[in-house]
Ligand code: CAA
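Numbering (the working numbering), first residue to last: 10 to 264.
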């Protein structure tokens, strides 16, 4: 199986499992990622975690051997497929964490960028090296990287194709944390910092922040007001405020 979906406690873990090709993304794996996201969402997971098998790579990008020799139409179809699947992940109401445990290049970093958060092991190395192949990123890298680290830094990474090590990635906000030991266990601990809260309200917060990237502030503030009003209609907000007043711990029901 080139993709594994496993349950660990309240989380679903998706492991890219082609270590002999540094977990490079071929068409089959991208389709499998879409199916695994749907399956995990149906199973009522509190967060999705992505990682790579083999200890050397998270994912070395799109499978270059598969890309070579593609016609224009095939290339466009493949880019559209990857973009569709990564957009599904990006817009999923369930949060996701990429546990980057080694190389994350090209489509591999783009997968991580479609996750809500990224954490990295100290040996992690990241980049969008497509320019070295005379190509440009095709799975959302040109759109999501500037939103995460800013336009100048993103342009520099994309135009030089240079590799960013874990420490720099943390400094520029490309990853949230550098973690020691088992990347998935660390990802679970990281996810629990927010998945203990109401999942639907977390989704509203995320939607508000994501809309900030593509709307003028006047529109964004209206969206925020609407989503804020929606949050105030949940049972969980009543519980959260009651628990505060009664000086007890809140018990959220995701409702
Ligand atoms: N596609 C297909 N196979 C890949 C691959 C990829 N992206 N990356 C690595 N592999 C394969 C290698 O061909 C090699 O296979 P063989 O043993 O059969 O030769 C195996 O994985 C191990 O790789 P290396 O021997 O190269 O390992 P290394 O430790 O010397 O180097 C690396 C590691 C720096 C990550 C190097 O493999 C590398 O540069 N890989 C390509 C990274 C890249 O350019 N990614 C972008 C792809 S294009 C893309 O992703 C477009 C997009 O936006 C969708």
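Cβ coordinates follow ideal geometry from the N, Cα and C atoms, glycine included.
Near residue i, which residues of its chain fall below 8 angstroms by C-beta distance, leaving aside the five closest residues on each side in sequence?
i, result
"residue 106", "56, 57, 58, 59, 124, 125, 126, 127, 128, 196, 199, 200"
"residue 263", "207, 208, 209, 245"
"residue 142", "73"
"residue 37", "11"
"residue 252", "258, 259, 260"
CA-CA distance, residue i and residue j?
i, j, result
"residue 103", "residue 221", "19 angstroms"
"residue 248", "residue 259", "6 angstroms"
"residue 250", "residue 239", "15 angstroms"
"residue 237", "residue 224", "17 angstroms"
"residue 213", "residue 78", "43 angstroms"
"residue 226", "residue 31", "42 angstroms"
"residue 131", "residue 67", "13 angstroms"
"residue 28", "residue 61", "8 angstroms"
"residue 91", "residue 108", "20 angstroms"
"residue 93", "residue 84", "14 angstroms"
"residue 89", "residue 254", "50 angstroms"
"residue 202", "residue 188", "14 angstroms"
"residue 177", "residue 193", "21 angstroms"
"residue 18", "residue 191", "15 angstroms"
"residue 133", "residue 34", "18 angstroms"
"residue 82", "residue 160", "30 angstroms"
"residue 261", "residue 231", "27 angstroms"
"residue 147", "residue 257", "49 angstroms"
"residue 144", "residue 117", "15 angstroms"
"residue 228", "residue 80", "41 angstroms"
"residue 243", "residue 76", "47 angstroms"
Using the beta-carbon count (16 or more within 10 Å), is residue i buried or exposed?
i, result
"residue 122", "buried"
"residue 20", "buried"
"residue 16", "exposed"
"residue 51", "exposed"
"residue 87", "buried"
"residue 234", "exposed"
Return the chain-ordered list of same chain residues with a C-beta closer than 7 angstroms to the C-beta of residue i, the five sequence neighbours on each side being excluded.
i, result
"residue 157", "122, 182, 183"
"residue 40", "none"
For residue i, is the beta carbon positioned less than 7 angstroms from some heavy atom of the ligand CAA?
i, result
"residue 208", "no"
"residue 114", "yes"
"residue 150", "yes"
"residue 231", "no"
"residue 69", "yes"
"residue 7", "This structure leaves residue 7 out entirely; the chain is present only between 10 and 264."
"residue 31", "yes"
"residue 235", "no"
"residue 74", "yes"
"residue 61", "no"
"residue 64", "no"
"residue 249", "no"
"residue 91", "yes"
"residue 147", "yes"
"residue 83", "no"
"residue 165", "no"
"residue 119", "yes"
Closer than 6 angstroms by C-beta to residue i: which residues in its own chain qualify, once you throw out the five before and the five after it? Chain order, please.
i, result
"residue 65", "111"
"residue 166", "137"
"residue 13", "24, 26"
"residue 114", "69, 70, 136, 138"
"residue 150", "119, 137"
"residue 49", "21, 57"
"residue 153", "122"
"residue 204", "55, 56"
"residue 155", "163"
Using a Cβ-based criterion (distance less than 7 angstroms to any ligand heavy atom), does residue i qualify as near the ligand FMN?
i, result
"residue 139", "Ligands in the displayed structure: the ligand CAA; the ligand FMN is not one of them."
Would you verify that the beta carbon of residue i is, or is not, closer than 8 angstroms to some beta carbon of chain D?
i, result
"residue 95", "Given the protein chain composition of this structure (a single chain), no chain D is represented."
* Determine contact between the region 202-215 and the region 184-193, defined as no fewer than three beta-carbon pairs at a distance below 8 angstroms. => no
* To do: Could you tell me whether the region 214-228 touches the region 39-47, using the rule of 3 or more Cβ pairs below 8 angstroms?
  => no
* Asked: Using 8 angstroms as the threshold, is the region 66-81 in touch with the region 93-103, meaning 3 or more CB pairs across them?
  -> no
* Asked: Does the region 133-152 touch the region 165-182, meaning 3 or more C-beta pairs lie closer than 8 angstroms?
  -> yes
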